[in-house]
Every structure is written in structure tokens, then in C-alpha cells.
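Note sheet for the following structure.
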Amino acid sequence: MLSNLIIRYRLITDQLIRYSQFLFSSPTFAFVDMPTTTTTITTPKSSLPDMSILLTQKHRATIERRRIRRHSDLPMSLMIKYGTPRQDLHQCLECGTWHEKKTICGNCYDRIRKETQAMKDSYPNKDEFNHNHPQQEIVYVYKNDEKFHDDTKRIVEIQRERPTWFSKNLIPKINTTK
Amino acid sequence: MSNLSTRTLRVTVPHAIRSKITGGGQNARHEKIKAILGELFRHERIEGYIRTHDETRQYAERLIELAKKYGDQHVGTMQLMDYWVNDKDLIHKVFKVYVPRYTNTIGPYTNSYRLPIKYGEFKFPHIPRQNIVLEMKDNPYPRIIPDPRNYSNILTNVLLNEARKEYRTERNNRNEKKDK
Ligand SMILES: [Zn+2]
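In order, the protein sequences belong to chains A and B. For the first sequence, the UniProt record's numbering begins at 1 and goes up steadily by one. For the second sequence, the UniProt record's numbering begins at 1 and goes up steadily by one.
Below you can see the structure in the form of C-alpha cells.
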């Protein structure tokens, strides 16, 4: 509903601006006669009428309609729409911030995103990664990890210590100590 | 192409109308899916809009399933790979990295999680735009879902364990008395 109104409003404003170039003189011509020494540039007044009249409703809503909007239990009622508390919010067990039930915690995901980007940036050869991708498993080794040599895997060393929240075993076991 | 057959997909199929995912007809839709597929196979973890990325997920699952079943000597599989993967170095990656990695896994080979919605930051603020994060399984990056916790030291669990032990010892004593 609102989207249709906004789209229609933009269309009408574009059309009016386009037609006003033919009907009235363009507002940029107002600068021609002005002396160049003036430091403050005054914007010329728009020749268009006030557009806010296009956003108003055409017909007055009936009293029945208005009373339904104010006082009813229907979902279109404003009190129901903005007055009911949301029940689908959860609190993260790790950091305690609130997030929606269907989504993951955004605060915890931010550090995972930063760490992933840092791991990608630590790959030495960017052109090889983007155009001739290595045909092996890529293993990232941190500073305090055990170093190993394996010809079947591509080993990338990172000059940092492994974060405490990033456990080394990638496949989790249920009911294990952290 | 009708000879190629695999099991049914093990991912949820989105309900969105497929032709409305992208504008520009079938060609534009295929181009979009090819671009996202290449990004997914290369980086192994990407973010994006739920409509396009959930659609692409099915294609990735299907390609890996076919590669596992038929191998790289099969004509139809290689034709499909040639069509759907734009960068040809990724075809080698599918056969040399993903197929050995997923030999023992049955289920889906990708994960997708919904990212938190940023209200009012997009072009139409009243329409919330849901983004997801798509990843291949067993990638070297840190896990998105946190480690499982150890709840055995919580007070209620300790008390319940003790109560369970007492109940078992009492029951054993009662049975021994009956046997005598
Ligand atoms: Zn959190």
C-alpha cells in the first residue's frame, strides 16, 4: 500500500520535472544574470507546487472504518499492530544479546566474519586463489599449533595465535567438555 | 541427460516463484546462478539474499551428488559441469577436493543460516530483506553454530544424578532381599 504510494509519488515528480523544462524556464538560468562575486549561492525557488498534497487520502474514511482502526482486535488495528510485545526474540547463550528466533546471533557472527576474512587475506598468493584455485584441501595453521608436513594438503601459516573461542577439532562431539 | 539420476535432494526447496527471483528471463537467471555457484565453490562461505542463494544451493547439491556418483569420465556429468561452472579451475576442485571430502557423508553438503535482518537500511525500508550465509560443510573456517556446552556441572543436573544413583542402589537392595 505505502510502497505503491511512494512509487506513484516518485513517478509523478519525475514527470512534472520533465514537463516543467518545456513550460517554464529552467531554474539553472537564474544563475546567469547573478554577479559572480557573491560568495553565498542562493538556491532558486522551485517552480513546482507543494507535492505533499499527493500523499493525502482522496476520500474521508467512514466513522465505522476509523473506529475499527482505533479500537478493534483485528491485526489492522493500530493498537494491535504497535502495542503487542514480540514473542519471537531469543537471548544468545554466549554473549547475551537479543536476536530473532529464526536468525543466528549477529554479535557472535561478527567476530566469525572478521576471523574468516582475516584467514582469507592471509593466503599468500591472491591470483592463484582467484584464478587457478589449488586442487588440495587448504589447512590454516596458527602460531601456537603443532606444525606438520603433508604433501596432499596446502598449508597456510598465520602469524597469530589461535583465538580461544575457535576450537581446533572442526567436527564437534556432543556432550564433550569445551 | 535423462540417464542421470540421483537421490532426492536433502535440502528444503524454497517456495518462491522461480521466474521472479531475477528480472530478465531464463538467461539472466542462469547467469545469476552461475555467478553465485562459482563464488560458493571458491570461497566456501558467502553471504547474500535468501531468494537467489537458497535457489543456488540446490544446484550445488545436485552437481556434487552427480560428481560423486558418476566420476569425471562421464559425458553427461561433464557437460552439466561445463555449463554451470564458469571458471574451469573449479571443476577440478569439485572432483579433487569436494568428492573425497564428502565420500562418507550422506546428507546435504551445504549449510545455510539466516542472518539478522537490518531493518530500514535498504531501498524499501518497510520490506525487510532477509540475507543468509551459505557454506560448504567441513570447511577450514570457524564454526558458525557455537560449540556444544557441557551442562553436567549445573546444580540441578548434579542433584538429579545423585538422586538417580540413590534410586538404583535402593532398587538393587530391594531385589536382593526378595531373592533371599
Ligand atoms: Zn551471541
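For each residue, glycine too, the CB sits at the ideal point set by N, CA and C. Note that the structure is a prediction, hence the values are computed from the model and not measured.
For the pair TYR59 (chain B) and GLN136 (chain A), the Cα-to-Cα distance works out to about 23 Å.
Listed by position along the chain, the residues with Cβ atoms less than 5 Å from a non-hydrogen atom of ligand 1 are A:CYS92, A:GLU94, A:CYS95, A:CYS105, A:ASN107, A:CYS108. Along the region 85-96 of chain A, going in chain order, the ones with a CB nearer than 8 Å to a CB of chain B are LEU93, GLU94.
When the Cα atoms are used, HIS92 (chain B) and ARG101 (chain B) turn out to be separated by approximately 14 Å.
CA-CA distance, ARG111 (chain A) to VAL75 (chain B), rounds to 44 Å.
Put simply, the CB of TYR113 (chain B) is near chain A, with a gap under 9 Å to one of its CB atoms. Taking C-beta atoms as the reference points, GLU61 (chain B) and TYR109 (chain B) count as a pair closer than 9 Å. Leaving aside the five residues that flank LEU80 (chain B) on each side, the residues in its chain whose CB is nearer than 8 Å to its CB run, in chain order, MET1, LEU4, LEU63, LEU66.
Residue environment: ASN153 (chain B) is assigned as exposed (fewer than 16 neighbouring CB atoms within 10 Å of its CB, all protein chains considered).
For LYS137 (chain B), no alpha helix (DSSP H) encloses it, and the DSSP letter there is neither H nor E.
For VAL75 (chain B), not one C-beta of chain A is nearer than 9 Å to its own C-beta. In this chain, GLU61 (chain B) is not harboured by any beta strand (DSSP E); it is covered by the alpha helix (DSSP H) spanning 50-70. For the 9 Å CB-CB criterion, GLU115 (chain A) and CYS105 (chain A) do not form a contact.
Counting only residues of its own chain and dropping the five nearest sequence neighbours on each side, TRP98 (chain A) has a CB closer than 8 Å to the CB of LEU89, HIS90, GLN91, CYS92.
Within the DSSP secondary-structure output, TRP84 (chain B) pairs in no beta bridge. Per DSSP, the continuous beta strand (DSSP E) segment holding LEU89 (chain A) begins and ends at 89-91.
Proximity to TYR123 (chain A) across A:TYR140, A:LYS101, A:ARG160 peaks at A:TYR140, based on C-alpha coordinates.
Taking 9 Å as the CB threshold, THR13 (chain A) stays off the interface with chain B. Listed in chain order, the non-local C-beta contacts of GLY38 (chain B) below 7 Å within the same chain comprise VAL85, ASN86, ASP87, LEU90, local neighbours out to five positions each way being set aside.
Interface annotation for the region 85-108 of chain B against chain A: ASP87, ASP89, LEU90, HIS92, LYS93, LYS96, VAL97, ARG101, criterion Cβ-Cβ distance under 8 Å.
Interface criterion met: the Cβ of PRO163 (chain A) is under 9 Å from a Cβ in chain B. With a contact defined as Cβ atoms closer than 8 Å, ARG57 (chain B) and SER112 (chain B) qualify at about 6 Å.
Here ARG69 (chain A) carries a helix assignment [DSSP, helix/strand/coil].
When C-beta distances to chain A are compared with 8 Å, every residue of the region 48-71 of chain B stays at or above that value.
Against chain A, the beta carbon of TYR141 (chain B) has neighbours under 7 Å at THR116, MET119, listed in chain order.
The contact set of ILE144 (chain B) on chain A, defined by CB atoms closer than 9 Å, consists of ILE104, CYS108, TYR109, ILE112 in chain order. Not a single C-beta of chain B is nearer than 9 Å to the C-beta of HIS149 (chain A).
Each residue's CA atom was taken as its position, placing GLY23 (chain B) and ARG51 (chain B) some 13 Å apart. Listed along chain B, the residues sitting closer than 8 Å to SER3 (chain A) by beta-carbon distance are PHE124, HIS126, ILE127.
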